[in-house]
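Numbering (this note's numbering), first residue to last: 11 to 344.
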């Protein structure tokens with residue numbers, strides 16, 4: 011039903027506008043032809059227009075790194091026939107102008123110790139016009155001055171600093187130093203940036219339920235305009251099972267006068283600590299140095315707090331019992 015209705019409407023329009031008055035069709039054809047020839051005639055005329063042209067830069071000085079961002083498009087004032095302008099508006103929309111920095115500036119920036127350069131745009135008009143068309147005259151361009159700011163390329167050695175997040179299995183601990191090979195890398199980049207760097211950080215590595223020695227590779231964390239060599243290092247660290255151990259250790263009194271004898275109660279205390287199974291048998295009482303200070307006695311303290319001045323580097327969770335001692339002072343007779 012809907013199809014029949016649409017057919018009747020079309021048939022009616024044909025009858026009214028085309029069969030009864032064919033002059034409408036002739037008029038429309040004439041308008042189209044006249045418009046076409048008018049358009050051709052308009053394109054054949056010479057115009058002066060502004061064109062926004064995208065730009066890409068290449069061939070920068072190898073001993074410098076760009077510190078500013080030059081304009082990514084030029085506003086060109088050109089004079090050409092309409093056909094030429096229309097053609098280039100479409101082509102330049104897809105293909106940007108190439109600005110060869112060293113060639114355009116005759117390598118002046120490469121050989122100069124300066125870091126900032128300014129070039130008037132008029133000196134580039136000829137080279138840019140060659141890329142446009144022989145049928146197009148380039149009158150001017152904006153910006154009227156191109157600025158290039160560079161930083162010198164530098165290098166130095168940086169110590170590697172591993173970034174690790176380690177969750178250990180119960181009763182396990184890291185039992186030694188974290189080793190990186192190599193332990194230093196060379197960094198290249200803008201001198202002003204390199205001067206601020208103190209370390210080369212690795213990418214963050216995560217380990218869950220660690221219970222055995224770890225050996226892995228880690229990439230150096232990247233930075234804009236900065237290059238590291240090598241870009242990857244090897245990391246390793248020992249993980250061992252720990253157990254609880256105890257020792258009876260004597261306590262020493264520091265700062266004691268020669269004319270006094272001070273007895274400590276008790277003279278030895280129990281130290282409890284965690285140590286790896288591989289080094290359990292190495293621990294001896296003389297590996298610890300526990301002290302109390304005579305200054306506490308001078309201050310009138312009744313109990314002396316024990317300080318651990320020396321402990322083995324490979325133990326942890328040290329506990330001392332008791333933590334304080336009583337004392338008895340005996341004056342020596344002459």
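All C-beta atoms in this analysis are idealised placements derived from N, C-alpha and C, irrespective of residue type, glycine included.
- Message: Please report the straight-line C-alpha distance between residue 320 and residue 301, rounded to a whole angstrom.
- Response: Just so you know, the alpha carbons of residue 320 and residue 301 end up roughly 10 Å apart.
- Check whether the stretch 282-296 touches the stretch 252-262, taking contact to mean three or more Cβ pairs, one atom from each stretch, closer than 8 Å. Taking 8 Å as the limit for Cβ pairs, the verdict is that the stretch 252-262 does touch the stretch 282-296.
- Using the rule of at least 16 other Cβ atoms within 10 Å of the residue's Cβ for burial, across every protein chain shown, is residue 199 buried or exposed? It is buried - the Cβ of residue 199 has at least 16 other Cβ atoms within 10 Å.
- Cβ neighbour criterion (16 or more within 10 Å) applied to residue 74: Residue 74 should be labelled buried.
- Query: Going by the CB atoms, is the gap between residue 208 and residue 227 shorter than 8 Å?
  - Reply: Cβ atoms of residue 227 and residue 208: not closer than 8 Å.
- Measuring alpha carbon to alpha carbon, tell me which of 229, 177 and 184 ends up nearest residue 192. Closest option to residue 192, Cα to Cα, is 229.
- To which residues does DSSP link residue 257 through a beta bridge? Looking at the DSSP assignment, residue 257 forms a beta bridge with 281.
- Task: Give me the Cα-Cα distance between residue 145 and residue 91, rounded to the nearest whole angstrom.
- Result: About 8 Å.
- Sort 239, 212, 134 and 185 by Cα distance to residue 153 and report the nearest one. If we check each option's Cα against that of residue 153, 134 comes out closest.
- Task: Tell me whether residue 106 sits in a helix, a strand or coil according to DSSP, three-state version.
- Result: Three-state result, residue 106: coil.
- Just checking, does the stretch 106-123 make contact with the stretch 165-184 on the three C-beta pairs under 8 Å criterion? Contact fails: fewer than three Cβ-Cβ distances are below 8 Å.
- Reference residue 237, options 299, 305, 163 and 173, closest by Cα: Selection 299, 305, 163 and 173 evaluated against residue 237 yields 163 as nearest (Cα-Cα).
- Task: Counting only the same chain and skipping the five closest in sequence on each side, list residues whose C-beta sits under 6 Å from that of residue 295.
- Result: If we look at residue 295 and ignore the five residues flanking it on each side, its Cβ neighbours are 257 and 259.
- Provide the residue span of the beta strand (DSSP E) that contains residue 184, from first to last. Taken as a continuous stretch (DSSP letters only), the beta strand (DSSP E) holding residue 184 covers 182-184.
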